[in-house]
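Colleague: Structure provided below as structure tokens; questions to follow.
2 protein chains.
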Amino acid sequence: MSLINRDTDYAIKALCFMAKQNKEKLKVSDLTRALKIPYPFLRKILQALHKHGFLAASKGKGGGFILARSPRRIFLNDLILVFQGPLKLNNCFLNKKICPDVNSCLLRRKISDIEKRLKSELSLLTLDSLMINQERR
Amino acid sequence: MSLINRDTDYAIKALCFMAKQNKEKLKVSDLTRALKIPYPFLRKILQALHKHGFLAASKGKGGGFILARSPRRIFLNDLILVFQGPLKLNNCFLNKKICPDVNSCLLRRKISDIEKRLKSELSLLTLDSLMINQERR
DNA sequence: TTTAAATGATACCATATTAGTATCATTTGT
DNA sequence: ACAAATGATACTAATATGGTATCATTTAAA
Chain A
34 MSLINRDTDY AIKALCFMAK QNKEKLKVSD LTRALKIPYP FLRKILQALH
84 KHGFLAASKG KGGGFILARS PRRIFLNDLI LVFQGPLKLN NCFLNKKICP
134 DVNSCLLRRK ISDIEKRLKS ELSLLTLDSL MINQERR
Chain B
34 MSLINRDTDY AIKALCFMAK QNKEKLKVSD LTRALKIPYP FLRKILQALH
84 KHGFLAASKG KGGGFILARS PRRIFLNDLI LVFQGPLKLN NCFLNKKICP
134 DVNSCLLRRK ISDIEKRLKS ELSLLTLDSL MINQERR
């Protein structure tokens, strides 16, 4: 099983590429050519990134997308949140029937701690850190 | 998204229940009654737990399942491995095309570290610790 | 020794999620 | 006016998950 799905993956790739183009507006077709991601799929993803404030968009002829934040302010866990929803260790096995008293539930607390640590670690992975890496390849 | 799926969830519940019955052999129908998990589904899960050494099984009339290990030696990450495969942060975005040199890849190392920490934290959650919790409810 | 009650193995079906496409509406520069 | 871009959204396809059915094998006991 994977923590990161295709949408998030493509979003990372696209954002990475855009960050490298320092401040230049890009249209979807520029990106598909470079990244080899299917046009309509990538478009959907960029629209979502726009909707959630990662990209600024301009419509009409000559329009396109551009990063709306510094790569240092784009965090992996935020991208995961957009495309995959909130990270949960489990939906069901800690439900009321097994564990009715949330506060006294040791296990629930442990699991929730693990979740928190995982999220905070994912939030240390910024778009910036991905780019540094790519420069070195 | 959830780290733990239904199979793993039911497996935990079943193992927990069995651990409470100290050393008593149980058949699937005993468990379905207690846990309200559909019979054929639970059966499939118990068979898998047997196959992977968590349970001992005896066939034929009067047969059934019994824990094959101490609850202290049953780890959450092992159960996840059985029912959901190896935990991976990502299958694709760190593939060869983006990151051809595995050793020099800073990001890959970071991600792999996060993975390792997550796994080691999950491995601290034993069946034992779940039961302690349940006693207190 | 037959039979019923149990698991072993495995193929199958149903539903949900993920991946990807298509299309019409709106905006905007020329 | 028109072409080129995104906005919104509905749709289809593929895969993963959740769950069922069934036949084979083993075993205790009548």
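In order, the protein sequence lines correspond to chains A and B.
First residue of the first sequence? That's 34 in the numbering used here, and the numbers climb one at a time after it.
First residue of the second sequence? That's 34 in the numbering used here, and the numbers climb one at a time after it.
Yeah, the Cβ is synthetic: ideal placement off N, Cα and C, and Gly gets one too.
(1) Would you call the stretch 50-64 of chain B and the stretch 97-116 of chain B touching, i.e. three or more CB-CB distances under 8 Å?
(2) Taking only three categories from DSSP, how would you classify A/Ile45?
(3) Indicate whether at least one CB of chain B lies closer than 8 Å to the CB of A/Met51.
(4) Would DSSP call A/Ser162 helix, strand or coil?
(5) Step through the CB atoms of chain B and report whether any lies within less than 8 Å of the CB of A/Glu57.
(6) What residue range is occupied by the uninterrupted beta strand (DSSP E) comprising B/Ile70?
(7) Over what stretch of residues does the alpha helix (DSSP H) that includes B/Phe98 continue unbroken?
(8) Who are the Cβ neighbours of B/Ile70 in its own chain at under 6 Å, not counting the five residues just before and after it?
(9) B/Leu114 lies in the alpha helix (DSSP H); which residues open and close that run?
(10) Bridge partners of A/Ser103, per DSSP?
(11) Go ahead and label A/Val135 buried or exposed: buried means 16 or more other beta carbons lie within 10 angstroms of its beta carbon, across all protein chains shown.
(12) Thinking C-alpha only, which one of B/Arg76, B/Leu36, B/Thr41 is nearest B/Leu160?
(13) Would you mind giving the Cβ-Cβ distance between B/Phe87 and B/Asn38, rounded to the nearest angstrom? I have them listed as a contact below 8 Å.
(14) How would you list, in chain order, the residues of chain A whose beta-carbon sits under 9 Å from the beta-carbon of B/Gln54?
Modeller: Inspection of the coordinates gives the following:
(1) yes
(2) Counted from its first residue, the first sequence places residue 45 of chain A at position 12. It is helical.
(3) Working through the first sequence from its first residue, we reach residue 51 of chain A at position 18. Not closer than 8 Å to any Cβ of chain B, the Cβ of A/Met51 fails to qualify, so no.
(4) Looking up residue 162 of chain A in the first sequence gives position 129. It is helical.
(5) Numbered from its first residue, the first sequence carries residue 57 of chain A at position 24. False, the Cβ-Cβ gap to chain B never drops below 8 Å.
(6) On the second sequence, residue 70 of chain B is found 37 positions in, with the first residue counted as 1. Premise fails: B/Ile70 is in no beta strand (DSSP E) and is neither H nor E.
(7) Here the question's residue 98 of chain B lines up with position 65 in the second sequence. Not the alpha helix (DSSP H): B/Phe98 falls in the beta strand (DSSP E), residues 97-100.
(8) The residue labelled residue 70 of chain B in the question sits at position 37 within the second sequence. Answer for B/Ile70: Tyr43, listed in chain order.
(9) Start at 1 with the first residue of the second sequence, and residue 114 of chain B comes out as number 81. Unbroken alpha helix (DSSP H) run through B/Leu114: 109-117.
(10) The residue labelled residue 103 of chain A in the question sits at position 70 within the first sequence. Partner(s): none; A/Ser103 has no beta bridge.
(11) Walking along the first sequence from the start, residue 135 of chain A turns up at place 102. The predicted model places A/Val135 with a pLDDT of 40, which falls under 50 and marks its position as unreliable, so this point remains unresolved.
(12) Here residue 160 of chain B is taken as the residue at index 127 of the second sequence, counted from 1. Closest option to B/Leu160, Cα to Cα, is B/Thr41.
(13) Locating residue 87 of chain B in the second sequence gives position 54, counting from the first residue. Locating residue 38 of chain B in the second sequence gives position 5, counting from the first residue. Wrong, their Cβ atoms sit about 17 Å apart, outside the cutoff.
(14) Here residue 54 of chain B corresponds to residue number 21 of the second sequence, with the count starting at 1. Within 9 Å Cβ-Cβ: nothing; B/Gln54 doesn't reach chain A, min ~17 Å.
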